[in-house]
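Undergrad: Take 198 as the starting number for the sequence shown in our numbering and just add one per residue.
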Amino acid sequence: MTITLSEQAYDELWQAQEPAVQLDPLDPLDVTYRYPPLLGQGWCRWIQLRSGLEVEIFKARLRDRVIMRCADRPSGLHYHFHLFGQHRDRHTTVGDQEFALYGSGLATHQQFDGPAQQALEVSIHMHPTVLGAFVGDLTGGLPADLQQLVRPVDQEHYTRVGVVTPLMEHGLWQIVRCPYRGLSKRMYLEGKALEVVSLVLEQEQQVQRGSPPTMPPLTPDSLERIHQARTVLLQQMANPPSLAELAQQVQLNEYTLKRGFRQVFGKPVFEYLHDYRLEQARQLLEMGGLSVTAVVKQVGLSDRSYFAAAFRKKFGYNPSALKRKRR
């Protein structure tokens, strides 16, 4: 089942829940909200650390696929990490042990799409002035290889998907499992949040310089298993395994699978699957004999409107154009 909501309707579901719970009696800026039962079970914890810097921890089991459609709006810096779980939006497809980096600027025509799943996500929300406060030169400007992160509110924001490294993961789990309260907690969490952000920014600078983070070469056995993972993924395209299930099937740990898949095929696992589905859909439509709805179902998608938008973005024309062309 798929539940499609406007941003307003989604917010109203949250507002209809019981009042927020203050888990830390020493910190009124640390509040936890219950996840709407209509959508699943879980909670979302918001901690404002200082003006312009917040940490959000989201843990829930989504009963159904949830699609939220948002109006255009200004966006701050947002570092969104998946310890496990998946989501897709207009610009990114993020799986287990991956993150999405969103710069400040204008978020346009956003649609957030999360499957039925167990999810644990950590988000760090940062105002550009907080990032700018760390600039060490007299000009006060960001380095050239980070300037894409801060754009005017009338310019579309920057996005990139990356792999959560072991150092990032360690810091994220420390945030989730923070043992302190009050002032100690706030200092601890701010330090950990900035530490994780610094690792993302270091990776971002390497990407912008054309030198992605160096990684040890894959062993021949791992390389063979990476190719096996691709075969399994495409064979089960209509109902693909989760990253954890795929890793288990090919007997690799998740980090090696994610790193190796991107290294070998140039894309994260589920972004590769997404593009493959669209290519298969185009071939089926060119062959004829199937309606657009049937093609969408055959390649493992369920939302025709999302498919049409993704198809148009990738190929530059609507899928229905192929049907008309064959008549």
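Glycine residues also receive a C-beta, built at the ideal position from the N, C-alpha and C atoms.
Thinking Leu226 and Ile244 are a contact (beta carbons under 8 Å), I'd like their distance in whole angstroms, please.
TA: The Cβ separation is near 7 Å, so the contact holds.
Undergrad: For Gly237, is the classification buried or exposed, using 16 other Cβ atoms within 10 angstroms of its Cβ as the cut-off for buried?
TA: The residue in question, Gly237, is buried, as its Cβ has 16 or more Cβ neighbours within 10 Å.
Undergrad: Using alpha carbons as the reference points, say which of Gly457, Thr453, Leu470 and Arg422 lies closest to Pro438.
TA: The candidate whose alpha carbon is nearest that of Pro438 is Leu470.
Undergrad: Once you ignore the five residues that flank Gly379 on each side, which residues in its own chain have a CB closer than 8 Å to its CB?
TA: Same-chain partners within the cutoff: Asp221, Leu223 and Asp224.
Undergrad: By DSSP's criteria, Gln308 is part of a beta bridge. Which residues make up the other side?
TA: DSSP output for Gln308 lists Arg266 as bridge partner(s).
Undergrad: DSSP three-state label for Arg296, please.
TA: One detail in the question is off: residue 296 reads as Phe in this sequence, not Arg. DSSP places Phe296 in strand when its eight states are reduced to three.
Undergrad: Candidates Ala441, Ala507, Gly273 and Leu391: which alpha carbon is nearest Thr356's?
TA: Considering only alpha carbons, the answer is Gly273.
Undergrad: With a cut-off of 8 Å, do at least 3 Cβ pairs link the region 343 to 351 to the region 292 to 305?
TA: The region 343 to 351 is in contact with the region 292 to 305.
Undergrad: Figure out for me which residue from Val228, Arg266 and Arg422 has the closest Cα to the Cα of Tyr503.
TA: Out of Val228, Arg266 and Arg422, Arg266 has the C-alpha closest to the C-alpha of Tyr503.
Undergrad: DSSP on Pro349, reduced to helix/strand/coil?
TA: In this structure, Pro349 counts as coil in the three-state DSSP scheme.
Undergrad: Would you identify the three-state DSSP class for Ser203, choosing helix, strand or coil?
TA: Three-state DSSP puts Ser203 in a strand.
Undergrad: When you compare the CB positions of Asp500 and Ile264, do they come within less than 8 Å of one another, or not?
TA: Cβ distance < 8 Å, so Asp500 and Ile264 count as in contact.
Undergrad: Using a 10 Å radius around the Cβ and a threshold of 16 neighbouring Cβ atoms, would you call Arg270 buried or exposed?
TA: So Arg270 counts as exposed.
Undergrad: Thr289: which of Gln212, Tyr377 and Phe467 sits nearest, CA to CA?
TA: Measuring from the Cα of Thr289, the nearest candidate turns out to be Phe467.
Undergrad: For Ser499, does the three-state DSSP call read helix, strand or coil?
TA: Residue state, collapsed to three classes: coil.
Undergrad: Return helix, strand or coil for Gly237, following the three-state DSSP convention.
TA: Three-state result, Gly237: strand.
Undergrad: Hey, how far is the Cα of Ala505 from the Cα of Ile254?
TA: So the two alpha carbons sit approximately 33 Å from each other.
Undergrad: Which one or two residues does DSSP pair with Asp227 in a beta bridge?
TA: Per DSSP, Ile244.
Undergrad: Please state whether the Cβ-Cβ distance between Gln205 and Lys455 is less than 8 Å.
TA: The answer is no: Cβ separation not under 8 Å.
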